[in-house]
Amino acid sequence: MYDGFLFHGLSWETLLMWCVVTLGLIVLNELTRRFSSVALVMFLFLPLLLPFVLWYPHTATPGTGASTGTWFHWVKVYSALAGCLGFMFIRYYGEKKSAVSYKKKAGSPAIPKLLLLFPPFILSVNILEACIRDFQVYGMHATGQIIDGVTMISGPWNIMNGVAGILNILAISGWMGITISKDKSRDMLWPDMMWFWIIAYDLWNFAYVYNCVSDHAFYAGAALLVSCTIPAFFIKKGAWLQHRAHTLALWMMFTMSVPMFVDSPRFGVPASHDPRALFVVSFVALAVNIAVFVYHLSTIIKRRRNPLVETVYPEDLR
1 MYDGFLFHGL SWETLLMWCV VTLGLIVLNE LTRRFSSVAL VMFLFLPLLL PFVLWYPHTA
61 TPGTGASTGT WFHWVKVYSA LAGCLGFMFI RYYGEKKSAV SYKKKAGSPA IPKLLLLFPP
121 FILSVNILEA CIRDFQVYGM HATGQIIDGV TMISGPWNIM NGVAGILNIL AISGWMGITI
181 SKDKSRDMLW PDMMWFWIIA YDLWNFAYVY NCVSDHAFYA GAALLVSCTI PAFFIKKGAW
241 LQHRAHTLAL WMMFTMSVPM FVDSPRFGVP ASHDPRALFV VSFVALAVNI AVFVYHLSTI
301 IKRRRNPLVE TVYPEDLR
């Protein structure tokens, strides 16, 4: 066992399981991305069935003693699923229309522009939801108590990271430029979802999980974020939001079904609960998001772009 700055209890077994979780999410994301039938089973039929046969009676209610038995986990899983189903609707909208309509971009008359407000809306709500939780944890003035099944330590890191998340929302742009790929997977591509914004999001989200769900951050933070960032950089570029929605929904359904996994003595990896680690993680997230926001704002001014209706970044940066 190795005790590090961020986590305690690291071992070859936990590192191996981290790789298994990350690879498993990547593979399942690829299956749900490429095959609409698999996506419907995973994101529609299972979520309709599991609450009645498993979650509510056994694994995800307050009486079960599981950390997933809170309103937040229920909201999180279904908000992620709403994103998956909403993106599928956008991706397959008008699929049976003529070949001309099939080749049109998502912003063309083939798909109503109003529909393209859904991706930035669900993304912004998801980020804001976590920011509110960070501010809420700060208001708890916790000093290591177990709250909602998780060890909480309140501090300035919650405020810093909440601000970082708000800046991340403000740097979202170019959703009217969203297109649908012309291959069989019909992926939802967002040209303005730049690599530096994704890194800023990853740092913010990891800090959020580390602040608010600390003992789950090894998997729910690091593994989950890597599982959608790798496909966005190396497998299907431009489809980060789609990868993120799929992997988040898959992970949330898994933890709602097997909540003891992240808390098990064998595979669970608790956070160090060191205030210095909490501060550093949130400080880095805030610093990077400030830098991205300043660059984003300067690019808008320099290129005289309207981020609400135009893509902000040129082709050579993508």
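Each residue of the sequence shown is one higher than the last, beginning at 1 in this note's numbering. We put the CB at the ideal spot given by N, CA and C, even for glycine. Owing to the predicted nature of the structure, the values given are computational and were not obtained by experimental measurement.
With a cutoff of 9 angstroms on beta-carbon distance, Trp251 and Leu54 are scored as not near each other. When DSSP states are grouped into helix, strand and coil, Thr311 belongs to the coil group. Listed in chain order, the non-local C-beta contacts of Ile147 below 7 angstroms within the same chain comprise Met140, local neighbours out to five positions each way being set aside. The criterion of a C-beta distance shorter than 9 angstroms is satisfied by Asn161 and Asp134. Every alpha helix (DSSP H) of 4 residues or more that sits fully in the segment 165-215 is shown, in chain order, as 195-212.
Around the C-beta of Asn205, 16 or more other C-beta atoms lie within 10 Å, and the residue is accordingly described as buried.
Per DSSP, Thr14 has no beta-bridge partner at all. Around the Cβ of Val294, a 10 Å sphere holds fewer than 16 other Cβ atoms; the residue is exposed. Annotation for Met152: the continuous beta strand (DSSP E) segment containing it runs 150-153. By a beta-carbon distance limit of 8 angstroms, Leu189 contacts Gly238. Their separation comes to about 4 angstroms. The C-alpha of Arg33 is placed about 11 angstroms away from the C-alpha of Ile235.
In this structure, Ile169 lies near Ile127, with their beta-carbon atoms less than 9 angstroms apart.
For Ala222, the secondary structure class from DSSP, reduced to helix, strand or coil, is helix. Distance from the CA of Cys19 to the CA of Arg304, rounded to the nearest whole angstrom, comes to 44 angstroms.
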